[in-house]
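Data block below; observations after.
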Amino acid sequence: MSKKTKGNNSDPNVEVDPISGTETTGHDWDGLKELDTPAPRWWLTVWMITIVFAIGYWVVYPAWPSISGHTRGLFGWTQYTKLKAEQKEITDRQGAYLARFHSESFDQVRADPAVYEFARAGGAVVFKENCAACHGSGGEGRKGYPNLNDDDWLFGGKVDTIYHTIQVGSRSTDPDTHTTQMPKFGAILKRDEIQDVATYVLQLSHGTPANPGASWVRGQALFATNCVSCHGEGGVGNRDLGAPRLNDAIWLYGGRRADVVETITNARAGVMPTWKHRLSDDNQRMVALYVHSLGGGE
Amino acid sequence: MVQLFAKDEKIYPQRTHGLFRTLKWTAMVVLLGIYYAAPWLRYDRGPHVPDQAILIDLVGQRGYFFGIEIWPQEVYLLVGLLILAAIGLFFATSLLGRVWCGYACPQTVWTDLFVLVEHLIQGDRNARRKLDAAPWTLEKIWKKLLTHAIWLLIGLATGGAWVFYFNDAPTLLDGILHLDLPGLTLVWIIALTLSTYFMAGYARENICKFACPYARFQSAMFDRDTLIISYAGERGEPRGKHKIGTSWEGRGHCIDCTACVVVCPMGIDIRNGLQYECISCGLCVDACNNVMEKMKLPRGLIHYDTENNQHRRADEIARQAVPTRGRMKWIRPRTVFYAAILFLVGGLMLGAIVLRTETELNIIHNRSPLYVRLSDGTIRNNYQIKVLNKTHSDRDYAVKIDGLTTRRVELLGAGDVAVPSLRVPANSVGEFRVQVMAEPNASARVPVHFILTDRTTGKAASHDSYFIRP
Numbered sequence: 000m001s002k003k004t005k006g007n008n009s010d011p012n013v014e015v016d017p018i019s020g021t022e023t024t025g026h027d028w029d030g031l032k033e034l035d036t037p038a039p040r041w042w043l044t045v046w047m048i049t050i051v052f053a054i055g056y057w058v059v060y061p062a063w064p065s066i067s068g069h070t071r072g073l074f075g076w077t078q079y080t081k082l083k084a085e086q087k088e089i090t091d092r093q094g095a096y097l098a099r100f101h102s103e104s105f106d107q108v109r110a111d112p113a114v115y116e117f118a119r120a121g122g123a124v125v126f127k128e129n130c131a132a133c134h135g136s137g138g139e140g141r142k143g144y145p146n147l148n149d150d151d152w153l154f155g156g157k158v159d160t161i162y163h164t165i166q167v168g169s170r171s172t173d174p175d176t177h178t179t180q181m182p183k184f185g186a187i188l189k190r191d192e193i194q195d196v197a198t199y200v201l202q203l204s205h206g207t208p209a210n211p212g213a214s215w216v217r218g219q220a221l222f223a224t225n226c227v228s229c230h231g232e233g234g235v236g237n238r239d240l241g242a243p244r245l246n247d248a249i250w251l252y253g254g255r256r257a258d259v260v261e262t263i264t265n266a267r268a269g270v271m272p273t274w275k276h277r278l279s280d281d282n283q284r285m286v287a288l289y290v291h292s293l294g295g296g297e
Numbered sequence: 000m001v002q003l004f005a006k007d008e009k010i011y012p013q014r015t016h017g018l019f020r021t022l023k024w025t026a027m028v029v030l031l032g033i034y035y036a037a038p039w040l041r042y043d044r045g046p047h048v049p050d051q052a053i054l055i056d057l058v059g060q061r062g063y064f065f066g067i068e069i070w071p072q073e074v075y076l077l078v079g080l081l082i083l084a085a086i087g088l089f090f091a092t093s094l095l096g097r098v099w100c101g102y103a104c105p106q107t108v109w110t111d112l113f114v115l116v117e118h119l120i121q122g123d124r125n126a127r128r129k130l131d132a133a134p135w136t137l138e139k140i141w142k143k144l145l146t147h148a149i150w151l152l153i154g155l156a157t158g159g160a161w162v163f164y165f166n167d168a169p170t171l172l173d174g175i176l177h178l179d180l181p182g183l184t185l186v187w188i189i190a191l192t193l194s195t196y197f198m199a200g201y202a203r204e205n206i207c208k209f210a211c212p213y214a215r216f217q218s219a220m221f222d223r224d225t226l227i228i229s230y231a232g233e234r235g236e237p238r239g240k241h242k243i244g245t246s247w248e249g250r251g252h253c254i255d256c257t258a259c260v261v262v263c264p265m266g267i268d269i270r271n272g273l274q275y276e277c278i279s280c281g282l283c284v285d286a287c288n289n290v291m292e293k294m295k296l297p298r299g300l301i302h303y304d305t306e307n308n309q310h311r312r313a314d315e316i317a318r319q320a321v322p323t324r325g326r327m328k329w330i331r332p333r334t335v336f337y338a339a340i341l342f343l344v345g346g347l348m349l350g351a352i353v354l355r356t357e358t359e360l361n362i363i364h365n366r367s368p369l370y371v372r373l374s375d376g377t378i379r380n381n382y383q384i385k386v387l388n389k390t391h392s393d394r395d396y397a398v399k400i401d402g403l404t405t406r407r408v409e410l411l412g413a414g415d416v417a418v419p420s421l422r423v424p425a426n427s428v429g430e431f432r433v434q435v436m437a438e439p440n441a442s443a444r445v446p447v448h449f450i451l452t453d454r455t456t457g458k459a460a461s462h463d464s465y466f467i468r469p
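Quick note, the sequences are listed as chains A and B, same order.
Residue numbers for the first sequence follow numbering that gives the first Met the number 0, so the first one is 0 and each next one is one higher.
Residue numbers for the second sequence follow numbering that gives the first Met the number 0, so the first one is 0 and each next one is one higher.
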């Protein structure tokens, strides 16, 4: 290390630390003195460059607030235009797939892996934004809201039928909507009769019992008079009406006796809005494909 | 005027010759040779796969190093390589001091190359000093212009070689020659051209002194048995000018010729002892040895030595005993520790490379929903299945499920169409969905084992998952 004086000037009045050869600031704290070590030149250079850069930045980019807004910068750059440009880049990239998807039928899409995966991915996003609130994030459903992963469909599980249901909804404002209404049997049947029907209905998915009880026999007769017109012989359901199948393991409103009794007594009328006016046709078709692909598609 | 910054004095290192200078030249030729030539080595991997021996294919997401092929999933090998590099550096430093800094660091190698250019055009230390101080004559202008032009060309070659590691070299060179190259590649070439020019032309020793973190934490790897460049003060002092023919009685062997100072690329005086600036390049050793030979004195007034040896020798001289030869203590706790880590990490990496499979299976159990009850009561679980076909040919795979009595298994390919087997094109990842149906009345969570069999080779890969029921 050189013993040359390192410091800001060569003023003889400035005190120089004898050990390091560096000037002191002249400040004295209980005998401790602060060395006035100058900054390295590279540091100063970088600092100057940042100042020059900042000035350039103020000119080019929006920077300073004013009373009515802010300075706009030379090229009118804003985060918003940047966002729009980036979004355009993405939609442009989607464009090729979208055009193909738009012109292809469901069957053609399903035979076209790239477009199919594109549609499924888009459908998943649309589903999570619009459908997940009722049907659950994975389409798993909940009481009163059908599970879309299973093979039980109120109105049918082909892509076309799913697409139609998405379009018109159920008991929605759409003129073509599914409108079937189950009557409140609480006003038609007596309480014990309802219990008998429940006995019969709960047994449906297990076949005819070997030695049917009296309740089941009464229930069978009541079912034939009151329920068969919609739910079909043996409770097979009717998709044209949206009458659920009753002889399977899936219960939209719960499969305990109390649930079934409640359903018969007060009836059920689930509502799904029409998506015709909320989603673009492409998006509705994508969701239909997505729902179909969840595992229960027919 | 108040001066706001410290004056940094430009260093004009003088050319020397000797063992360490030769070592440095050799290191420069070998290292630069590897750097420039490596992307041009070819290695045949078969059709549809790059034949470049060393290639980082960012677009295709593959790394190639001769017979080793790395997928993004195997990036831990890169981590291992970085650990090896770091620990290797520590190991070398604890044994030999800052040999990396002195001989192998790119900053050192390129600076050496740039000084070589300076030397060829402008002459040695004194000529360069004089030229810098001289007014701008025609001679000065052409010498300076030529120097900077060559520096820029070297920079261009540096950046130009860098991008070859990330592209097929012959194709890219053709593109560069026809000025038809990707924008990002151009940016890299320009950035590395300018950084090389700046770092080796201007910043030089300042990078080591101010910017390099390794220079600062090297002391953590040093101990008293680490090789450092040391000046044998007990032999050299008291120093002073010496007239040929006069006696050496009562004075040291250092003739204060400052040969060691003028050759130093860091601009320090090694006779002041170990300093953080010293990059252990050994040029002062060469310079001093040359002087000692002229003076008909033994070599090694400045030499590579350990602090312990130095102290012992000083002690012996103080006791007027015969100085013993320096000894190296190679095996020390820290060298053993670093070597152990090197072996451990190296062994793990070797194991990972040797045990690398050509097929990998990943199974993701669908969690939303965990299970689905079907009309007939059957419980279905859905799985996402990813098959990594690391071979260079298309393969068909069969899937088997162990640990579960299934009612039905459906493999779904693109378009949700059931497929009999999983077909994955060469060198790619295939994604499929699997639907597994099983009876409802059994335990709620059963571990299952997916086994994937390559229909061509019969080799199997497996992955654990589980089957969930209500």
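Cβ coordinates follow ideal geometry from the N, Cα and C atoms, glycine included.
- Three or more beta-carbon pairs separated by less than 8 Å are not found between the segment 268 to 277 of chain B and the segment 59 to 69 of chain B, which leaves the two stretches without contact.
- Taking V13 of chain A as reference, the option from A:W28, A:E33 and A:D29 with the minimal CA-CA separation is A:E33.
- At a cut-off of 4 residues, the continuous stretches assigned as alpha helix (DSSP H) that sit fully inside the segment 206 to 265 of chain A are 213 to 225, 227 to 230 and 256 to 265.
- Contacts between I249 of chain A and chain B, judged by CB atoms closer than 8 Å, involve R372, L373 and S374 in chain order.
- With a cutoff of 8 Å on beta-carbon distance, T305 of chain B and L226 of chain B are scored as near each other.
- Just so you know, the alpha carbons of D401 of chain B and L180 of chain B end up roughly 52 Å apart.
- Looking at the backbone, the Cα of P237 of chain B and that of W247 of chain B are separated by about 11 Å.
- For V74 of chain B, the secondary structure class from DSSP, reduced to helix, strand or coil, is coil.
- For the C-beta of F209 of chain B, the chain A residues within less than 9 Å are, from N- to C-terminus, P39, W41 and W42.
- Judged by their CB atoms, G296 of chain A and V125 of chain A are not nearer to each other than the 8 Å cut-off.
- Residues of the same chain with a CB within less than 8 Å of the CB of D167 of chain B, apart from the 5 flanking positions on each side, are P49, Q51 and L54 in chain order.
- When rounded, the separation of the alpha-carbon atoms in T157 of chain B and Q309 of chain B is 41 Å.
- Among the CB atoms of chain A, none fall inside 8 Å of the CB of N125 of chain B.
- Ranked by how close their Cα comes to the Cα of Y196 of chain B, the residues B:R223, B:A231, B:H147 and B:C207 have B:H147 in first place.
- Collapsing the DSSP output to three states places L88 of chain B in a helix.
- With a cut-off of 8 Å on Cβ pairs, the segment 364 to 383 of chain B is not in contact with the segment 421 to 429 of chain B, counting fewer than three such pairs.
- For the pair Y11 of chain B and C280 of chain B, the CB atoms are not nearer than the 8 Å cut-off.
- Per DSSP, M181 of chain A lies in no alpha helix (DSSP H) segment and is marked neither H nor E.
- In this structure, DSSP gives N388 of chain B an extended state, which the three-state scheme calls strand.
- Across the structure, Y465 of chain B and L171 of chain B are spaced so that their CA atoms are roughly 49 Å apart.
- Listed along the chain, the chain A residues whose CB falls inside 7 Å of the CB of N381 of chain B are G294.
- For E359 of chain B, the secondary structure class from DSSP, reduced to helix, strand or coil, is strand.
- Within chain B, the residues placing a beta-carbon under 9 Å from that of D149 of chain A are V371, R372, L373, S374 and R379, ordered along the chain.
- With a beta-carbon spacing of about 6 Å, G138 of chain A and N148 of chain A fall inside the 8 Å limit used to define contacts.
- Annotation: H101 of chain A to A268 of chain A spans about 34 Å, alpha carbon to alpha carbon.
- When secondary structure is reduced to three states using DSSP, N129 of chain A falls in the helix class.
- Counting C-beta atoms within 10 angstroms of its own C-beta, D150 of chain A has 16 or more neighbours from the protein chains shown and is therefore classed as buried.
- For P368 of chain B, the neighbours in chain A by C-beta distance under 9 Å run, in chain order, G135, G137, G138, E139, G140, N146 and N148.
- The beta-carbon separation of T358 of chain B and P439 of chain B, rounded to 34 Å, does not stay under the 8 Å limit for a contact.
- The residue from A:T44, A:C133 and A:G168 with its alpha-carbon nearest to that of M271 of chain A is A:G168.
- By the C-beta criterion, the segment 211 to 221 of chain B is judged not to be in contact with the segment 280 to 294 of chain B, since fewer than 3 inter-stretch pairs fall below 8 Å.
- Within chain B, no C-beta atom comes less than 9 Å from the C-beta of R256 of chain A; the nearest is roughly 18 Å away.
- The alpha-carbon separation between R256 of chain A and H205 of chain A amounts to approximately 15 Å.
- Distance from A437 of chain B to L403 of chain B at the Cβ level is roughly 6 Å; contact confirmed, criterion being Cβ atoms closer than 8 Å.
- The three-state secondary structure of V58 of chain B, taken from DSSP, is coil.
- Using a 10 angstroms sphere on the CB of D453 of chain B, the tally of other CB atoms reaches 16 or more, which defines it as buried.
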